[in-house]
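What follows is a set of notes on a single structure, which appears directly below.
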Amino acid sequence: MSDVTTPLLEIRDLSVNFAVYGGELRVLDGVNLRMFPGERIGLVGETGCGKTTTMKAVLRVLPMPPGRILRGEILFKGRDILKMRDSDLRLVRGQGISMIFQDPTAALNPVFTIGEQMQAVIQSNAQDNNLSLTRQRSWELALTALKDVALADPERLLKSYPIQLSGGMRQRVCIAMALSTNPEILIADEPGTSLDVTIQDQILRLLRDLVESRNMSVILITHTLGVVRELTNRVYVMYAGSIVETAKTKKIFSQPLHPYTQGLIATVPRLTGGGIASGIPGRIPDYRNPPTGCRFHPRCPHVMEICKREKPPLTEIDQDHSVACFLYSSNQKVEQ
Amino acid sequence: MSQPILSVQHLKKYFVVGQTGMLGKRQPITVKAVDGVSFDVFSGETLGLVGESGSGKSTVAYTVVGMYKPTAGKIRFMNTEIGTNDKRPKELQKAIQIVFQDPGSSLNPRQNIKQILEMPLRVHRKDRNRLEMVIYLLEIVGLPPEAMYKYPRMLSGGEKQIIGIARALATNPSLVILDEPTSALDVSVQAKTINLLLELQKQFNLSYLFITHDLSLMRNVASRVAIMYLGKICEIANTADFFRNPLHPYTQMLLSSIPVVSEEEEALRPTKVISRGEIPSPVNIPKGCSFHTRCPFVMPHCSEVDPEFTDMGNGHSVRCHLYPQGG
Numbered sequence: 041m042s043d044v045t046t047p048l049l050e051i052r053d054l055s056v057n058f059a060v061y062g063g064e065l066r067v068l069d070g071v072n073l074r075m076f077p078g079e080r081i082g083l084v085g086e087t088g089c090g091k092t093t094t095m096k097a098v099l100r101v102l103p104m105p106p107g108r109i110l111r112g113e114i115l116f117k118g119r120d121i122l123k124m125r126d127s128d129l130r131l132v133r134g135q136g137i138s139m140i141f142q143d144p145t146a147a148l149n150p151v152f153t154i155g156e157q158m159q160a161v162i163q164s165n166a167q168d169n170n171l172s173l174t175r176q177r178s179w180e181l182a183l184t185a186l187k188d189v190a191l192a193d194p195e196r197l198l199k200s201y202p203i204q205l206s207g208g209m210r211q212r213v214c215i216a217m218a219l220s221t222n223p224e225i226l227i228a229d230e231p232g233t234s235l236d237v238t239i240q241d242q243i244l245r246l247l248r249d250l251v252e253s254r255n256m257s258v259i260l261i262t263h264t265l266g267v268v269r270e271l272t273n274r275v276y277v278m279y280a281g282s283i284v285e286t287a288k289t290k291k292i293f294s295q296p297l298h299p300y301t302q303g304l305i306a307t308v309p310r311l312t313g314g315g316i317a318s319g320i321p322g323r324i325p326d327y328r329n330p331p332t333g334c335r336f337h338p339r340c341p342h343v344m345e346i347c348k349r350e351k352p353p354l355t356e357i358d359q360d361h362s363v364a365c366f367l368y369s370s371n372q373k374v375e376q
Numbered sequence: 171m172s173q174p175i176l177s178v179q180h181l182k183k184y185f186v187v188g189q190t191g192m193l194g195k196r197q198p199i200t201v202k203a204v205d206g207v208s209f210d211v212f213s214g215e216t217l218g219l220v221g222e223s224g225s226g227k228s229t230v231a232y233t234v235v236g237m238y239k240p241t242a243g244k245i246r247f248m249n250t251e252i253g254t255n256d257k258r259p260k261e262l263q264k265a266i267q268i269v270f271q272d273p274g275s276s277l278n279p280r281q282n283i284k285q286i287l288e289m290p291l292r293v294h295r296k297d298r299n300r301l302e303m304v305i306y307l308l309e310i311v312g313l314p315p316e317a318m319y320k321y322p323r324m325l326s327g328g329e330k331q332i333i334g335i336a337r338a339l340a341t342n343p344s345l346v347i348l349d350e351p352t353s354a355l356d357v358s359v360q361a362k363t364i365n366l367l368l369e370l371q372k373q374f375n376l377s378y379l380f381i382t383h384d385l386s387l388m389r390n391v392a393s394r395v396a397i398m399y400l401g402k403i404c405e406i407a408n409t410a411d412f413f414r415n416p417l418h419p420y421t422q423m424l425l426s427s428i429p430v431v432s433e434e435e436e437a438l439r440p441t442k443v444i445s446r447g448e449i450p451s452p453v454n455i456p457k458g459c460s461f462h463t464r465c466p467f468v469m470p471h472c473s474e475v476d477p478e479f480t481d482m483g484n485g486h487s488v489r490c491h492l493y494p495q496g497g
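Chains as they are written, first to last, in the numbering used here: chain A, 41 to 376; chain B, 171 to 497.
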């Protein structure tokens, strides 16, 4: 259907405000993101930079109000999700885009068994496609989905309640549920963060295997750079509501250009030792009254006059490598 | 080497969490949160205590600081036995302080920073001018004096944790227990907080017992590392030695599970041990070596006999049947 040149998902200039007592939070300030079929994207940034808000907007699950979309488009295969009818939206959420949440315990309903919850997902997706499934058939589909995520004894699991499973098993169930409708895009929001290191490693390896074998497109939201490096092939770095840099994953780690990306990578503690870099001075801005121009300028070590007045556009300066920073605009030479 | 400032020997802490069996034959269900842990902390050093959730690392911290009474074992601090049931003398209470994991819940939301920092001063340093001390404490952690009139909700996560550190330093302690002080923070804020902690350590000659699950962080702050699994230490070594030559299969599994950001780090990770299996419940710890259910090198007697520590020289000890004593 879609060839490689048309994006599967494209976010254009997405801007979102939240109404709060005494003002408005200008949270998303023109987010631009493009995803091609088969791409595995990492969306990286610190707490409160708008990663999850962006993805919630994509699934149209942002609470509105207080949220308000000022401008922008979210195109899924060329159709604007923000303008879709509810019945079309259901199809997108079913087979188009699925999401795995950070905390598997909160994502599962404690009073229904795993089987009931998985069957509900499978049944409602079938209904959206005007198919009817027997109980037996949806049970079998749920069983296969659990086997796909390498869970032992799936029959017993389907009859269990979430509280009877460990954290790692719950996350596997969530993955199985998200994949049971065969989505084209999988959004994973910090899939291993609430788990222990060795269990997180198992989950990430499982995700990588599933994604590779099904050639699925993935958006991984995380603030752990190591996870991004192991799972994705393209990175979008987000700061205070905008994308500040994007490149192939290898390139981001070997040659980060934006001062924020450089600072972020430098502060990761290394297994090789050598101490920890001093971090990025200052803190994430107050969204009620964000800095003018480039939102990073109060924390930037290379700040110039123009940075305080104008917002730098995301410009491609190398093949597949774009950065929103005046340090790299036309007349400046790229220094490394 | 010099005398240890803190010496923990065969520390055990069991919790009773319920009962099984019929009337008359009731048996308590106990969780062996800490089951025979021994280590020393020397003056001015940082001992890293690493483990996953349920390994008992926080229980060790709370027992040392005096929030729990040990079930068995000895805790000696500056040559005084403190692991007893008697109330700890005030001088020793103030010499051991703790910084908690979640700065959001460890500061009273109804008190301003001044009140929060005054509390330990009221109890332990009655001789000092409190206002001057509060200003001094804010200064050593790099906050302006005006910050004392703020409430915790007005501060960012990093600043809250810095207040937690200032509060711990208020009593002029010699040992500070850091219970995952940065795990709730972003990396750039973590970097700032860790660097502050390292500076303060030099300035006041503090000893740290640093509890974390992050081995890459440990590599950069600890002088020695101890790895815990289900209530027991399975390996303890000097940091450099530990990362060059991890011996215990669990340690190797942990190291190989860490997501890293550079190729040099990748080369350091052991490749032969891939994470598998679930962490058993601490209520039902496997017999023998508690790691045998997940160990790739498991031998028949691992499920029967719990291994003893083997000294591999240079302060590097490992508790595993792969390294028999005297072998």
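Glycine included, each C-beta is placed from N, C-alpha and C at the ideal position.
Keep in mind that this is a model prediction, so the values were computed, not measured.
Distance cutoff 8 Å, beta carbons only. Does residue i sit that close to anything in chain A?
i: Ala361(B); result: yes
i: Pro174(B); result: no
i: Ile335(B); result: no
i: His471(B); result: no
i: Lys484(B); result: One point to set straight first is that residue 484(B) is Asn, not Lys, in the sequence displayed. No, Asn484(B) lies away from the interface with chain A (no Cβ there is under 8 Å from its Cβ).
i: Asp256(B); result: no
i: His383(B); result: yes
i: Ile364(B); result: yes
i: Arg394(B); result: no
i: Ser228(B); result: no
i: Asn408(B); result: no
i: Asn390(B); result: yes
Can you give me the Cβ contacts of residue i inside the same chain, cut-off strictly under 7 Å, excluding the 5 residues immediately before and after it?
i: Gln189(B); result: Arg196, Gln197, Pro198 and Ile199
i: Lys91(A); result: Leu83, Gly85, Ile261 and Met278
i: Leu68(A); result: Leu54, Ser55, Val56, Gly90, Thr93, Thr94 and Gly281
i: Ala317(A); result: Ala306 and Thr307
i: Gly191(B); result: Gln197
i: Val374(A); result: Annotation note: pLDDT 44 at Val374(A) (below 50); position unreliable, no value reported.
i: Pro315(B); result: Ile305 and Leu308
Taking 8 Å as the CB-CB cut-off, is residue i touching chain B?
i: Leu297(A); result: no
i: Glu156(A); result: no
i: Gln242(A); result: yes
i: Phe366(A); result: no
i: His263(A); result: yes
i: Val267(A); result: yes
i: Pro309(A); result: yes
i: Val374(A); result: Residue placement at Val374(A) is poorly supported in this model, since its pLDDT is 44, which falls under 50; the coordinates still yield a value, given next. So no, Val374(A) is outside the interface.
i: Phe336(A); result: no
i: Ser42(A); result: Note that Ser42(A) has pLDDT 44, beneath the 50 cutoff, so the model's placement of it is unreliable and the number below is only indicative. Ser42(A) does not count as touching chain B.
Tell whether a beta-carbon distance below 8 Å holds between residue i and residue j.
i: Ala392(B); j: Phe380(B); result: yes
i: Cys465(B); j: Pro419(B); result: yes
i: Val235(B); j: Ile347(B); result: yes
i: Ala364(A); j: Ile283(A); result: yes
i: Leu198(A); j: Ile243(A); result: no
i: Asn408(B); j: Gly315(A); result: no
i: Phe247(B); j: Leu301(B); result: no
i: Val220(B); j: His383(B); result: yes
i: Val187(B); j: Val453(B); result: yes
i: Ser445(B); j: Met469(B); result: no
i: Leu304(A); j: Arg80(A); result: no
i: Cys340(A); j: Pro352(A); result: no
Using beta carbons (cut-off 8 Å, strictly below), is residue i in contact with chain D?
i: Arg300(B); result: Annotation note: the requested chain D is absent from the structure, which comprises protein chains A and B.
Can you list, in chain order, the residues of its chain with a C-beta nearer than 6 Å to that of residue i? Leave out the 5 residues immediately preceding and following it.
i: Pro194(A); result: Leu183, Leu186 and Lys187
i: Val213(A); result: Ile154
i: Arg489(B); result: Cys404, Pro477 and Phe479
i: Ser460(B); result: Leu400
Going by beta carbon distance, what residues of the same chain come within less than 8 Å of residue i, once the five residues before and after it are set aside?
i: Val71(A); result: Ile51, Asp53, Leu54, Ser55, Gly90, Thr94, Gly112, Met278, Gly281, Ser282 and Ile283
**Asked** Do three or more CB pairs link the region 323–332 of chain B to the region 357–370 of chain B at distances below 8 Å?
**Response** yes
**Stretch pair the region 386–400 of chain B + the region 206–224 of chain B: three plus CB contacts closer than 8 Å** = yes
**Item:** Continuous alpha helix (DSSP H) assignments of at least 4 residues falling wholly in the region 319–351 of chain A
**Value:** 345–349
**Asked** With a cut-off of 8 Å, do at least 3 Cβ pairs link the region 426–435 of chain B to the region 253–265 of chain B?
**Response** no
**Prompt:** Can you give, in chain order, each stretch of the beta strand (DSSP E) that sits fully within the region 219–301 of chain A and has at least 3 residues?
**Reply:** 225–229, 257–262, 274–279 and 282–288
**Request:** Pick out the complete alpha helix (DSSP H) segments inside the region 127–188 of chain A, 4 residues or longer, and give them in chain order.
**Result:** 144–147, 154–168 and 175–188
**Request:** Go through the region 201–226 of chain B residue by residue and report every complete run of the alpha helix (DSSP H) that reaches 4 residues or more, in order.
**Result:** none
**Message:** Quick check: the region 354–364 of chain A against the region 98–116 of chain A, are at least 3 beta-carbon pairs closer than 8 Å?
**Reply:** no
**Message:** Ignoring anything shorter than 4 residues, give me the alpha helix (DSSP H) runs that lie fully in the region 358–398 of chain B, in order along the chain.
**Reply:** 385–391
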